[in-house]
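Sequential numbering of the sequence shown, starting at 1, is according to full-length UniProt numbering.
Positions of the beta carbon are idealized from the N, C-alpha and C atoms, including for glycine.
Treat the numbers as computed from the prediction; the structure is a model and nothing was measured.
First up is the structure itself, then whatever we jot down about it.
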Amino acid sequence: MWISFMILITIIVITTIISILFWIFSDRYYRVSNTIITSIFGFFIALVWFLLIFALSSVSVPTGYASLEKSWGGRYTGKVFTETGRHFWAIAPSYDTKRVDIRNNKEAVPVNVMKDKTYNVSASVEVVYDLQPNKLVDLLSNYSDYKNTVIGAIVKNVITSNNILANSQSLTPKDEKEIENELAKYGVKVTNIYMNSYKLTNSSNYALNANVNSNNN
Numbered sequence: 001m002w003i004s005f006m007i008l009i010t011i012i013v014i015t016t017i018i019s020i021l022f023w024i025f026s027d028r029y030y031r032v033s034n035t036i037i038t039s040i041f042g043f044f045i046a047l048v049w050f051l052l053i054f055a056l057s058s059v060s061v062p063t064g065y066a067s068l069e070k071s072w073g074g075r076y077t078g079k080v081f082t083e084t085g086r087h088f089w090a091i092a093p094s095y096d097t098k099r100v101d102i103r104n105n106k107e108a109v110p111v112n113v114m115k116d117k118t119y120n121v122s123a124s125v126e127v128v129y130d131l132q133p134n135k136l137v138d139l140l141s142n143y144s145d146y147k148n149t150v151i152g153a154i155v156k157n158v159i160t161s162n163n164i165l166a167n168s169q170s171l172t173p174k175d176e177k178e179i180e181n182e183l184a185k186y187g188v189k190v191t192n193i194y195m196n197s198y199k200l201t202n203s204s205n206y207a208l209n210a211n212v213n214s215n216n217n
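The structure is reproduced here in C-alpha cells:
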C-alpha cells in the first residue's frame, strides 16, 4: 500500500518541479499560463492515480459471502472479510480477492453400493451446509475442489463403511452425526442432510425400487 502512496507523492513532486522550471525558463508572458496548465495536468494525473488505488484497494462483500485476500502470486494471505458491505483501503492495490458463498450451500452426492452380489443401490444424498470463515483459507488452499474431495468423499466413505444403503432407504441420526462431525473438521457445518433418492436394481439393471424421496432433518 505504501508503494502506491509513494508513487502518488512522486507524481506531485515531479509536477511541481516541472512547474518551477517552466516558471524559470519561460518568458514572462507564458509563465503564468504554463504554470497553471502544468499544475492542472499534474493534479489530474494524481487524481486518476488516487482513484485507481482507491478502487483496487477496496473490497465489496455481499450478504452471505466472504472475500479472501490473494497475493500477487495467487496464494491466499489468510485475511478474510466477512462483514457485509464495502471495505475501503483494505488490501494492497496489487492484490486480488476471491468471493466465496458461505451460507446455505447444497451438494448432491451420488452413492452407488452393492446390496449383495445381485442387487445394486444407487442413491443421492443431499447435504446443506455453511462454510466456516475461520477455516475457509485452509479448506480452499488444500482442497480447491472441496465439494468432491471433502464433502463427496466423506459422505461416500461413511455410507459405504457403515453399509447404510444395503439395509435402509434413509440415514439414521447416528449416520448423520458422523458425517457432520467429519465435515466439521474441514470447516463445513452441516445444517441438513437427507436421502434425496434411492433406487435398487438387479444385475439386469431392472428397477426394483423407484426413486424415493425422504427428508431426515
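In its own chain, which residues sit with a C-beta less than 7 angstroms from the C-beta of residue i, not counting the 5 before and 5 after it?
i	result
D96	K70
Check whether the Cβ atoms of residue i and residue j lie closer than 9 angstroms to each other.
i	j	result
L68	V150	no
V128	V121	no
S58	S124	no
V188	D145	no
K98	Y76	yes
V61	F88	no
Could you pull the DSSP bridge partners for residue i from this structure?
i	result
S99	It should be pointed out that residue 99 corresponds to Arg in this sequence rather than to Ser. Note: R99 sits in a beta bridge opposite S67.
A108	E126
N192	V128
S60	R86
V155	Answer by DSSP bridge pairing: none, since V155 is not bridged.
V113	V121
What would DSSP say about residue i, mapped onto helix, strand or coil?
i	result
A46	helix
L131	strand
T77	strand
N213	With a pLDDT of 46 at N213, under the threshold of 50, the predicted position of this residue should be treated as unreliable, though the coordinate-derived value follows. Here N213 sits in coil by DSSP.
G85	strand
residue 222	With the chain covering 1 to 217 only, the question about residue 222 has no answer from this structure.
Which residues in the same chain have their Cβ closer than 6 angstroms to the Cβ of residue i, if we skip the five residues on either side of it in sequence?
i	result
K106	V128
Y143	T149 and V150
Just confirm the distance between the C-beta atoms of residue i and residue j, as a whole number of angstroms; I'd bet it's less than 8 angstroms.
i	j	result
P93	I53	5 angstroms
I102	P133	7 angstroms
For residue i, which residues of its own chain have a beta-carbon under 8 angstroms away from its beta-carbon, when the five flanking residues on both sides are left out?
i	result
L165	V111, V113, K115, V121, A123, I159 and Y198
I11	G42, I45, A46 and W49
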